[in-house]
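*Asks:* One structure coming up, written as structure tokens, with questions to follow.
Residue numbers (this note's numbering): 61 to 130.
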């Protein structure tokens, strides 16, 4: 979210663009640019992974986290 200062008025927060998608028949709204994996995780929808762990860079070679999009 970007911020700009207005004279004598403090900070004004610019609106963040959001997108809505459906994961397992559940509509979720997340900030634009969020990955499908993170959108699912934020909303408590599990996607199995081996390499996508906190504090590690995902490698994406085992394909455990592959999901159907369409």
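Using N, Cα and C, we set each Cβ at its ideal position, and we do this for glycine too.
Take the Cβ of residue 99 as the centre, count every other Cβ of all protein chains shown within 10 Å, and call the residue buried at 16 or more, exposed below.
*Replies:* Label assigned to residue 99: buried.
*Asks:* Only counting the same chain, and skipping five residues up and downstream in sequence, which positions put a Cβ closer than 8 Å to that of residue 78?
*Replies:* Around residue 78: 89, 90, 91, 92.
*Asks:* Leaving aside the five residues before and after residue 81 along the sequence, list all residues of the same chain whose C-beta is less than 7 Å from its C-beta, in chain order.
*Replies:* Within the same chain, residue 81 has close Cβ partners 88, 99.
*Asks:* Residue 106 CB to nearest chain B CB: under 8 Å?
*Replies:* Looking for chain B here will not work: only one protein chain is present.
*Asks:* Could you please give me the residues that DSSP links to residue 88 through a beta bridge?
*Replies:* Note: residue 88 sits in a beta bridge opposite 81.
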